[in-house]
Amino acid sequence: FIDAVCLIEWPDRLQKLLPKTNLSIHLYADDSVDDGKDDTGVRFADVTAPPHWADRINDLVTSIARKSTS
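The opening residue of the sequence shown carries number 7 in this note's numbering; numbering runs sequentially from there.
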């Protein structure tokens, strides 16, 4: 967990073994929201992280926003 990315499909099963510094991303689709495209609904990502992730997450959001408007 220190210097690598580890994708854990069911993190709730780790309970107390999950690092306190982890970045948690919950992905889900909402087919009831029509985004006007031919696919099925809108995808969402809920991101939960301790404060030290704030700058990284803000940079990522800014980068994604720039790419989606160009």
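A virtual CB, placed ideally from N, CA and C, is assigned to each residue, including glycine.
All of these numbers come straight from a predicted model, not from anything done at the bench.
query = Quick one: is the Cβ of Leu-20 within less than 6 Å of any heavy atom of the ligand ADP?
reply = As presented, the structure is devoid of all ligands, the ligand ADP included, so that no description of it is given.
message = Is the separation between the beta-carbon of Leu-33 and that of Ala-55 shorter than 7 Å?
response = Between Leu-33 and Ala-55, the C-beta spacing is not below 7 Å.
key: Boundaries (first-last residue) of the beta strand (DSSP E) holding Leu-33   = Segment 30-36, the beta strand (DSSP E) holding Leu-33.
key: Residues bridged to Val-48 [DSSP beta-bridge criterion]   = Bridge partners of Val-48: Asp-36.
request  = Report yes if the CB atom of Leu-23 is closer than 7 Å to the CB atom of Pro-17, and no otherwise.
outcome  = No; because the gap between Cβ atoms is not below 7 Å, this pair is not in contact.
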